[in-house]
Amino acid sequence: MDNREIGTRIRLARQDAGLTQEKLAEKIGVSTVFVSQLESGSRAPGLETLVKLSQTLHVSLDLLVLGGAPGGDAEACLAALVHGRSPRQRMLAVSLVRSLFAEMDRLDAEPPEC
């Protein structure tokens, strides 16, 4: 397990839940400093902490630990995929996803061929 990747997934899930580090710390019974350390990857969460995070943030343990595992949050998975990429790579990824969705919408709008 890569602590930095887990930390990134914790941060993204916290942000998606609309929580500050302070509010998350309060809800799971730890200090704000500890939440910051988890998110930066300088501390590894134990199983009990991971369970509390999963329940509080409404994401699966699979998503927090493995990232993008089946049943995980799709938005957090996409965000984790572009994390650490250059701004140019991120913009290219956004452009590709937009093109893909436009093509999917076009295909959905066409009548089926017989």
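Quick note, our numbering runs 3 ahead of the 1-based positions in the sequence shown. We put the beta carbon where it would ideally sit given N, CA and C, even for glycine.
Kindly indicate which three-state DSSP category residue i falls into: helix, strand or coil?
i, result
"GLY44", "coil"
"GLY87", "coil"
"SER34", "coil"
"VAL100", "helix"
Express the C-alpha separation of residue j and residue i in angstroms, rounding to a whole number.
i, j, result
"GLU29", "ASP5", "25 Å"
"VAL2", "VAL100", "Residue 2 lies beyond the stretch modelled for the chain, which goes from 4 to 117, so this question has no answer here."
"PRO114", "SER45", "54 Å"
"LYS55", "ILE31", "6 Å"
Using only CA atoms, which one of the options lies nearest to residue i?
i, options, result
"THR35", "ALA20, LEU64, GLN24", "GLN24"
Could you tell me the boundaries of the alpha helix (DSSP H) in which residue i lies?
i, result
"ALA28", "24-31"
"ALA16", "6-19"
Using a beta-carbon distance below 8 Å, is residue i in contact with chain B?
i, result
"ARG93", "Among the protein chains of the structure shown there is no chain B, as only one such chain exists."
**Request:** Specify whether the stretch 82-94 and the stretch 7-19 touch according to this definition: at least 3 beta carbon pairs, one from each stretch, less than 8 Å apart.
**Result:** The stretch 82-94, when compared against the stretch 7-19, does touch it at the 8 Å Cβ threshold.
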